[in-house]
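Chains A and B are the protein sequences, given in the same order.
Just add 19 to wherever you are in the first sequence, counting from 1, and you've got this note's numbering.
Just add 270 to wherever you are in the second sequence, counting from 1, and you've got this note's numbering.
Using N, Cα and C, we set each Cβ at its ideal position, and we do this for glycine too.
Input: a single structure, listed below in structure tokens.
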Amino acid sequence: MPLQPLLPAAALAANMADLHPPLRPQEALVEANRCLYCFDAPCIMACPTGIDVPAFIKKIASGNPIGAAKTILTANILGASCARVCPTSVLCEGACVLDDRDEQPIQIGRLQRYATDYIEQRGLSVLSAPAKKTGKKVAVIGAGPAGLGCAAELARLGHGVTVFEKQPQAGGLNTYGIAYYKLKPEISLAEVALVQSLGVKIRCGVEVGRDLAVARLEQEFAAIFVGIGLGDAQRLRIPGEDLPEVRDALAFIEQLRTEPLDRVPVGRAVAVVGCGNTAIDAATQALRLGADSATIVYRRGEEDMSAYEFEYELAKADGVEFLFHTAPVEVLATDGHVCGLRLSRTVVNAAGKAEQVPNSEFNQAFDLVLMAVGQEKQIALLKQLFPALALDARGAIQRDPLTGQTTMPHVFTGGDCANGGREVVNAVGEGKKAAHGLHAFLTQATARPPIQPSRLGAKTGATGSGLLQPIRAHELEAQVKIPGASPGAFDKTAANSSDHNAIRA
Amino acid sequence: MADLSTNLAGIKSPNPFWVASGPPANTGYQAHRAFEAGWGGVVWKTIGTPIVNVSSRYSALNSGPTRMIGFNNIELISDRSPETNFREIAEVKKRWPHHAVIASLMVETREQWHEFVQRSADAGADGIELNYGCPHGMCERGMGSAVGQQPAVAEKITSWVMEAATIPVIVKLTPNITDVTMAARAAKRAGANAISLINTINSITNVNLDTFVPEPTVAGRSSHGGYCGPAVKPIALNMVQACAADPDVRLPISGIGGIANWRDAAEFLALGSTSLQVCTAIMHYGFRIVEDMNEGLSAYLDSKGMKSITELIGRSVPTLQKWETLDLHWQRVARIDYDTCIGCNLCYIACEDGAHQCIDLKSPEKLGVGLGPGRVPHKPVPKVREEDCVGCNLCSLVCPVDECITMTEIPNGQSPMSWSNYQEKLAKGEMKAIPPHP
Ligand SMILES: Cc1cc2nc3c(=O)[nH]c(=O)nc-3n(C[C@H](O)[C@H](O)[C@H](O)COP(=O)(O)OP(=O)(O)OC[C@H]3O[C@@H](n4cnc5c(N)ncnc54)[C@H](O)[C@@H]3O)c2cc1C
Ligand SMILES: Cc1cc2nc3c(=O)[nH]c(=O)nc-3n(C[C@H](O)[C@H](O)[C@H](O)COP(=O)(O)O)c2cc1C
Ligand code: SF4
Ligand code: SF4
Ligand code: SF4
């Protein structure tokens, strides 16, 4: 049977309401006054865009929310969406010193939302691009967080920027992929407008490589930033995968973010294959759309899942069921429509691989199967666009982590296509950092990022926080060996180390 | 963006925020850092014949988890040589020609004053501040507050200074005096160009109940210290306004005492300050706090449609008048917003035991206010008897919810009548005495 929408609009609006509601003014004031206003604070260090957290919180406390928003957006142009989508417990809030005094950390994300909402609701602008332009032009491929982060910073350094985006709207996964109850598409589109207000041109509906050749870009622009994110969903290659009710989880989420919620069809018994954050997002949203059950099918155990702890807790609270140590072997159908999955039990063998247990197969009824087993790397597209570009073993673009420069000197990169798939805030930070790399490439001069007050006079250097030397999260991570971790083992508490769609063999 | 630039008796600075004479203004290194962070001026740590300090110099008053709402010190003036201080002032001025650098001075004889005034000008200082305020140590040697507490002595010394001064002179006043305007008038008579206030207030912050010695303790003893920080702001505001309103003073004022953010600053400006000085808040958080001060003050002025801080300076001074001029007929009562009331009943017990017994506890069902946030069925909630409420404000001050109790003006149709009017009317037999409160 073809699938139907299940709930009326009012019920859907309630189910999809913000997971973390906005702080009321007095709440914000009380929370802001709890902050110790640390110097060279660990929360700044833990933010991949290096927002001066104590400075903006102090401004909220003093009754200067406009100044707070300025501090935030100066460091992170997507500060409004990051306030909602960042996994703060493994980033800024996880680093807050109050954790070490056995207190609740400051709710940095919600305070960040308070300040950015304040100016958004009043239509205030706090950023501007310089009137004097450098005359240099940069093309940005992809209008996701990385591309927007790069474009905004370039514009603020006085360069001309045109962004090319294949989708009808800009914003990347912020517009099309993040869970609805975390981030409404309108917030992402408002941020796109903010980037445009700095003079950035965005041309949507233009797919580079199909509608526009890279050679044309190279003629017209002095340099290129590649922020194309990850590719299509990976497939399992099992029989029945082409049935109409087997869907890519990302396509399912995209549909609910682009169509009125009461027109999005959903199954009554939904299976989600995979156990990363995307799988959790898909399962919880299926339930919120009215599914009777949502079951995550994962071939390994609970301890191996790559989803964050708080995402797992949310899924359990929402009533998501989990089938661990189980793998689908076939999608079952009646009359050409999905009626269930044939599943097999699995064990993790001595080599650490999950393998099927012989004769353990069983059937379970489902009417919708969502695939969330990871996004493809963009290897084919990158080979087509830039044949000379070097990729690493995972298929991510090789680049200098400090400048974003690739093996082709005029091509820079950042975001999911360069880091293999992380968070929105990493993408923004890497885009921003690449903008400084591009600035140096275009002008033969280093731009000094503004020194933020809470770092004034702090020791500088490559391992400093994002303020004097922007964005260090992943450099640091590369150096930090997780104690006791066996090679290849995954520590889901390590900051930034989640691969959103990951399922490991 | 409103214009924050400031001119105090000819001393110009890009904004009104100056580092007060104290530890943050001790060295050239600190002055450079302060200006980099955005401060508009620095009043150098008081220069004089170098002293020797004790170890263990500060103590503080905390309020719950909030540290240092009040701060106390037994430190003396600069322990560095005048040569070093004046050399660094010259260096700082060279690097920051458009920022204000003011030399704070404290010496004894007329000759010494003349010499130090001359050396300040030679170093390129934009002005001189005379420290008549330090309430510990220096006063035992006949300087600091020992001068400031005797207007005649202060006037004499100030006149010595004026004999030699070629740059503006600010007299810094001590609050440890019965009427600060007496000291301000003395400064005026001696020809000073401006006054600054307040210096620190005599204090003991706490006693260690195991050793019985107050903090800061020095080898089993302590000494009276100078008190400052957020807790002294109300005292400082009062003294600033008193000087600003005094027709016999009429000198520009540099306001000091508990300034920690742009709001405090705006209040000092409104009560008559032209520039502002900060010490404790910098000692707590560093020079970085000035970013929010500049930004917040500028945004505030913009929101009020003011183009520059001159439009704010002194704005509130005339609103303070003698008590006898206040309208006895004007009335306000407390009104509770039951949509935000959390039912803590602190307002009730405050009025019941600490004021005028005008709040009753009633069942929410009977009042028909329903259950608000955190309220429990049948648990009584406060209800103000407006006819008895004297409008003292106490309940609204204890209420832990912002804007939950509003003090609301009740127009009663009576024309205004002050105490003076009342006395006149009584004398003329135009009205009967108001009966005493029952
Ligand atoms: C389901 C899901 C949930 C997530 N939830 C969170 C979360 O809660 N919090 C969080 O921090 N992160 C989350 N992430 C991760 C986050 O969305 C990404 O890390 C981030 O969007 C990466 O930004 P990007 O700019 O690198 O890539 P993208 O956001 O993927 O943007 C790339 C853009 O490039 C465009 N593009 C691609 N090829 C071309 C071409 N040839 N020509 C023109 N344009 C092209 C694409 O259309 C797209 O708009 C989630 C990811 C997924 C998949
Ligand atoms: C440790 C310390 C040392 C000070 N030394 C001086 C000084 O040398 N000369 C002076 O004029 N005032 C001195 N002061 C007083 C300050 O300049 C200022 O008047 C006072 O602290 C009130 O401001 P605040 O509340 O911002 O600290 C000192 C204050 C402190 C806390
Ligand atoms: S670590 Fe915590 S307390 Fe310290 S500045 Fe950051 S948010 Fe505030
Ligand atoms: S603040 Fe500095 S000088 Fe003072 S006691 Fe601590 S370490 Fe010593
Ligand atoms: S003090 Fe405020 S919150 Fe508490 S009971 Fe009274 S009105 Fe309600």
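- Residues that Glu565(B) contacts on chain A, provided the C-beta gap is smaller than 7 Å: Asn83, Gly86
- Task: Determine which residues of the segment 128-144 of chain A have a Cβ less than 8 Å from any Cβ of chain B, and write them out in chain order.
- Result: none
- Task: Whole angstroms is fine: what's the gap from Val214(A)'s alpha carbon to Cys513(B)'s?
- Result: Approximately 51 Å, taken between the alpha carbons.
- In chain order, what residues of the same chain have a beta carbon less than 8 Å from the beta carbon of Leu631(B), not counting five sequence neighbours either side? Asn615, Tyr618, Pro650, Val651, Pro652, Lys653
- Item | Minimum Cβ-Cβ distance from Ala373(B) to chain A less than 7 Å | No, Ala373(B) does not count as interfacial toward chain A.
- Item | Close beta carbons around Glu184(A), own chain, < 6 Å, minus the five adjacent residues each side | Annotation for Glu184(A): Ala162, Cys223 place their beta carbon closer than 6 Å to its own, counting only its chain and skipping 5 residues before and after.
- Query: Which partner residues of Tyr497(B) appear in the DSSP bridge assignment?
  - Reply: For Tyr497(B), which the question treats as bridged, DSSP gives the partners Asn342(B), Ile471(B).
- Task: May I have the straight-line CA-CA distance separating Asp516(B) from Gly292(B), to the nearest angstrom?
- Result: Rounded to the nearest angstrom, the two C-alpha atoms are 28 Å apart.
- Query: Between the segment 352-373 of chain B and chain A, which residues of the former have a C-beta closer than 7 Å to a C-beta of the latter?
  - Reply: Going along the segment 352-373 of chain B in chain order, one finds no residue with a Cβ nearer than 7 Å to chain A.
- Task: Output yes if chain B places a C-beta closer than 7 Å to the C-beta of Pro472(A); else output no.
- Result: yes
- What number of angstroms, rounded off, separates the C-alpha of Phe431(A) from the C-alpha of Ala268(A)? 30 Å
- Message: So for Leu539(B), helix, strand or coil by DSSP?
- Response: helix
- From which residue to which residue does the alpha helix (DSSP H) around Leu280(A) run? Segment: none, Leu280(A) is in no alpha helix (DSSP H) and carries neither H nor E.
- Kindly say whether Ala551(B), judged by its beta-carbon, lies nearer than 7 Å to any beta-carbon of chain A. no
- Query: According to DSSP, is Ser484(A) helix, strand or coil?
  - Reply: The pLDDT assigned to Ser484(A) is 36, lower than 50, so where the model puts this residue is not dependable; a value taken from the coordinates is nonetheless given after this. Three-state result, Ser484(A): coil.
- Are there 16 or more other CB atoms within 10 angstroms of the CB of Gly190(A), so buried, or fewer, so exposed? buried
- Verify the contact flag: Pro61(A), CB atom, against every heavy atom of ligand 3, threshold strictly below 6 Å. yes
- Query: Is the distance from the Cβ of Val736(B) to the Cβ of Ile529(B) below 7 Å?
  - Reply: What is shown of chain B runs 271 to 708, which leaves residue 736(B) out entirely.
- Mind checking Tyr497(B): buried by the 16 CB within 10 Å criterion, or exposed? Tyr497(B) counts as buried, since at least 16 other C-beta atoms from the protein chains shown sit within 10 angstroms of its C-beta.
- Item | Residues that DSSP places opposite Arg533(B) in a beta bridge | Partner(s): none; Arg533(B) has no beta bridge.
- Message: Asn52(A) and Ile70(A) - do their beta-carbons sit closer together than 7 Å?
- Response: no
- Message: For the alpha helix (DSSP H) containing Val145(A), name the first residue and the last one.
- Response: Per DSSP, Val145(A) belongs to no alpha helix (DSSP H) and is neither H nor E.
- Can you name the start and end residues of the beta strand (DSSP E) that Pro284(B) belongs to? Pro284(B) -> no beta strand (DSSP E), and no H or E assigned at all.
- Message: Taking only three categories from DSSP, how would you classify Pro652(B)?
- Response: strand
- Entirely within the segment 330-410 of chain A and at least 3 residues each: give me those beta strand (DSSP E) ranges in chain order. 340-342, 345-353, 356-367, 373-375, 381-384, 387-390
- Query: Could you name the residues, in chain order, whose CB is less than 7 Å away from a heavy atom belonging to ligand 5?
  - Reply: This selection yields Ile606(B), Cys611(B), Ile612(B), Gly613(B), Cys614(B), Asn615(B), Leu616(B), Cys617(B), Tyr618(B), Val651(B), Pro652(B), Cys665(B), Val668(B), Cys669(B), Pro670(B), Val671(B), Cys674(B), Ile675(B).
- Message: Whole angstroms are fine: how far does the CA of Glu353(B) sit from the CA of His455(A)?
- Response: Near 45 Å, if we compare the C-alpha coordinates of Glu353(B) and His455(A).
- Message: Just to confirm before moving on: does the CB-CB distance between Tyr195(A) and Glu278(A) stay below 7 Å?
- Response: no
- Query: Using the rule of at least 16 other Cβ atoms within 10 Å of the residue's Cβ for burial, across every protein chain shown, is Asp323(A) buried or exposed?
  - Reply: buried
- Thinking C-beta only, is Ser348(B) closer than 7 Å to Gly792(B)? There is simply no residue 792(B) to check, as chain B begins at 271 and stops at 708 in what is shown.
- Do the CB positions of Asn342(B) and Thr475(B) come within less than 7 Å of each other? yes
- Assign Asp136(A) to one of three DSSP states: helix, strand, or coil. helix
- Query: Relative to the C-alpha of Leu346(B), which residue among Arg357(B), Ala395(B), Gly403(B) is closest?
  - Reply: Leu346(B) has its Cα closest to that of Gly403(B), out of Arg357(B), Ala395(B), Gly403(B).
- Item | Nearest-angstrom Cα separation, counted from Asn478(B) out to Gly318(B) | 34 Å
- Query: Does DSSP put Glu494(A) in a helix, a strand or coil?
  - Reply: Because the pLDDT at Glu494(A) is just 45, under 50, the model does not fix this residue reliably, and the point stays unresolved.
- Message: For the segment 531-542 of chain B against the segment 552-570 of chain B, do three or more pairs of beta-carbon atoms, one drawn from each stretch, fall closer than 8 Å, so that the two count as touching?
- Response: yes
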